[in-house]
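Residue numbers (mature numbering (1 follows the signal peptide of the UniProt record, and there is no 0)): -26 to -1, 1 to 277.
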């Protein structure tokens, strides 16, 4: 029998695989813990995202795209390889180490998950010098105190937007009263354009909540934008900024904010970190189609 070139290549290629011994999986391989932190470099800053928790939810169309019909939602989801019966939420506080300060942005749903991720990243709670709260939803203020009501970051000063604080101080919200009100004497209140410190500037991103803030980081001629909850999903929010989101308190204002921020990020080509984006939460925004956007996950640009 005469072998063709293709048969020769295939038969030869199969030999090393056939001869190789099977390697057993290490004990615990299937249950190994996923990483809970990721370090990035931004000029002189070290930026670390923390996976403080995650949660699966059913029927995401009840959350995203409230103003589009089922067929549209299903088509967009299928085009992006997304199921329509479930979605995964990530809770991703961010640490910015400036060399002089350790600044934590948001605190997750509870102290335990946050402090575990901090420890894995090499930080202790008493090293945190500032805690910045982008807005007062429970999944951002939950880690301010532990299960016993003790302050998690005893050495820290706290910063949040004045508009945001004033709105929630009048709302009689249980989470705010338990987590934020007891710490009010340690809070400083800022507005858009104000600096937490040099290179960390507040940006108004109202709509998700009355005074929701993003933060622009700048160091060594590089920029990175912490967009918090301005966009909560890489397809259903970023790619379609006009889609209404259940958790946006002012849906029209939130959509306008999303579009403005996506335009800015796409034009200036700086990376963004989204609190609910797939961990480690960093990516780039590009334009796509007429008025649309595309989320490009970070790979190794800021390592």
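We put the CB at the ideal spot given by N, CA and C, even for glycine. None of these values were measured; they are calculated from a predicted model.
Task: Burial state of residue 55, where buried means 16 or more other Cβ atoms lie within 10 Å - done: exposed
TODO: Could you tell me if residue 34 is buried or exposed, where buried requires 16 or more neighbouring beta carbons within 10 angstroms of its beta carbon?
DONE: buried
TODO: Starting from residue 213, trace the beta strand (DSSP E) both ways and give me its first and last residue.
DONE: Per DSSP, residue 213 belongs to no beta strand (DSSP E) and is neither H nor E.
Open item on the list: Relative to the C-alpha of residue 68, which candidate in 53, 155, 182, 174 has its C-alpha closest?
Closed with: Minimum Cα distance to residue 68 is reached at 174.
Open item on the list: Determine whether the beta carbon atoms of residue 179 and residue 168 lie at a separation below 8 Å.
Closed with: no
Open item on the list: Taking its Cβ as the centre, do 16 or more other Cβ atoms sit within 10 Å of residue 41, making it buried, or is it exposed?
Closed with: exposed
TODO: Could you confirm whether any beta carbon from chain D is found closer than 8 Å to the beta carbon of residue 160?
DONE: Protein chain content of the structure displayed is limited to a single chain, and chain D is not contained in it.
- [ ] Would you check if the region 72 to 85 and the region 94 to 111 touch, i.e. whether three or more CB-CB distances between them fall below 8 Å?
- [x] yes
TODO: Would you kindly work out how many angstroms separate the C-alpha atoms of residue 26 and residue 65, rounded to a whole number?
DONE: 6 Å
Open item on the list: Three Cβ pairs or more, each shorter than 8 Å: is that satisfied between the region 123 to 132 and the region 150 to 163?
Closed with: Three or more beta-carbon pairs separated by less than 8 Å link the region 123 to 132 to the region 150 to 163, which places the two stretches in contact.
TODO: Using the DSSP secondary-structure output, state which residues sit across from residue 268 in a beta bridge.
DONE: 260
Task: CA nearest to the CA of residue 268, picked from 232, 254, 276 - done: Comparing Cα positions, the closest option is 232.
- [ ] State the Cα-Cα distance for the pair residue 137 and residue 204, rounded to the nearest angstrom.
- [x] Taking the straight line joining both Cα atoms gives about 16 Å.
Task: Cβ neighbour criterion (16 or more within 10 Å) applied to residue 30 - done: Result: exposed.
Open item on the list: In this structure, how does DSSP classify residue 196 when only helix, strand and coil are distinguished?
Closed with: Strand at residue 196.
- [ ] Would you kindly work out how many angstroms separate the C-alpha atoms of residue 166 and residue 134, rounded to a whole number?
- [x] 11 Å
- [ ] Measure the CB-CB distance between residue 272 and residue 202 and report whether it falls below 8 Å.
- [x] no
Task: Rounded separation between residue 264 and residue 214 - CA only - done: 11 Å
Task: N- and C-terminal bounds of the beta strand (DSSP E) containing residue 68 - done: 68 to 71 is the span of the beta strand (DSSP E), which, as asked, contains residue 68.
- [ ] Within 10 angstroms of the Cβ of residue 12, are there 16 or more other Cβ atoms? Answer buried if so, exposed if not.
- [x] buried
Task: Close beta carbons around residue 259, own chain, < 8 Å, minus the five adjacent residues each side - done: 212, 236, 239, 240, 246, 267, 268, 269, 270
Open item on the list: Given this structure, state the Cα-to-Cα distance separating residue 43 from residue 183, to the nearest angstrom.
Closed with: As the crow flies, the alpha-carbon of residue 43 is around 25 Å from that of residue 183.
Open item on the list: Please classify residue 206 as buried or exposed, where buried requires at least 16 other C-beta atoms within 10 Å of its C-beta.
Closed with: buried
Open item on the list: For residue 113 and residue 84, I'd like the C-alpha separation in whole angstroms.
Closed with: 8 Å
TODO: Drop a sphere of 10 angstroms on the beta-carbon of residue 9, count the other beta-carbons inside from all chains shown, and report buried for 16 or more, exposed for fewer.
DONE: With fewer than 16 other Cβ atoms within 10 Å, it is exposed.
Task: C-alpha gap between residue 234 and residue 200, whole angstroms - done: 14 Å
Open item on the list: What does the alpha-carbon distance come out to for the pair residue 324 and residue 276?
Closed with: The structure shown does not extend to residue 324, since the chain is modelled only from -26 through 277, so no value can be given for it.
- [ ] Would you list the residues sitting across from residue 24 in a DSSP beta bridge?
- [x] 11
TODO: Taking all protein chains shown into account, decide if residue 141 is buried (16 or more other Cβ within 10 angstroms of its Cβ) or exposed.
DONE: buried
Task: Beta carbon of residue 161 nearer than 8 Å to that of residue 189 - done: For residue 161 and residue 189, no; Cβs fall outside 8 Å.
- [ ] Less than 8 Å between the CB atoms is what I'm expecting for residue 196 and residue 73, so what's the real figure, rounded?
- [x] Not a contact, Cβ separation roughly 15 Å.
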